[in-house]
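Scroll down for the structure; my scribbles are underneath it.
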């Protein structure tokens with residue numbers, strides 16, 4: 194989500210605060226939301242020639258790091274974002 198998309202969420206959060214609640218800054222709020230989003234998804238990284246041999250990552254950053262390393266060595270790689278079922 195871009196920071197523009199978080200603005201409405203932050204406005205809803207801010208308006209729902211009660212007296213005595215801790216107020217997060219917009220940057221802190223975005224960081225918290227990203228943590229929740231990371232828990233909802235997992236990222237599957239695999240070589241195009243071996244789609245059954247995949248690694249799962251909990252964060253987009255880790256998946257992108259793996260993608261960068263594999264493409265640096267000339268592999269064609271795919272990343273799939275999958276929702277975690279609980």
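In our numbering, the protein residues as written are 194 to 279. We put the beta carbon where it would ideally sit given N, CA and C, even for glycine.
In terms of alpha-carbon separation, which member of the options lies closest to residue i?
i	options	result
residue 276	235, 211 and 202	235
residue 237	274, 209, 222 and 202	274
residue 232	257, 262, 212 and 251	251
Taking C-beta to C-beta, are residue i and residue j nearer than 8 Å?
i	j	result
residue 245	residue 270	no
Between which two residues does the beta strand (DSSP E) harbouring residue i extend?
i	result
residue 236	234-240
Whose C-beta lies closer than 8 Å to the C-beta of residue i among residues of the same chain, with five residues either side of it excluded?
i	result
residue 217	206 and 225
Using the beta-carbon count (16 or more within 10 Å), is residue i buried or exposed?
i	result
residue 220	exposed
residue 223	buried
residue 239	buried
Taking 6 Å as the limit between beta carbons, can you name the residues of its chain near residue i, skipping five residues before and five after?
i	result
residue 202	none
Just reading off the alpha helix (DSSP H) that residue i is part of, what are its end residues?
i	result
residue 254	253-265
Grab me the residues of residue i's own chain with a C-beta within less than 7 Å of its C-beta, minus the 5 sequence neighbours each way, in chain order.
i	result
residue 262	none
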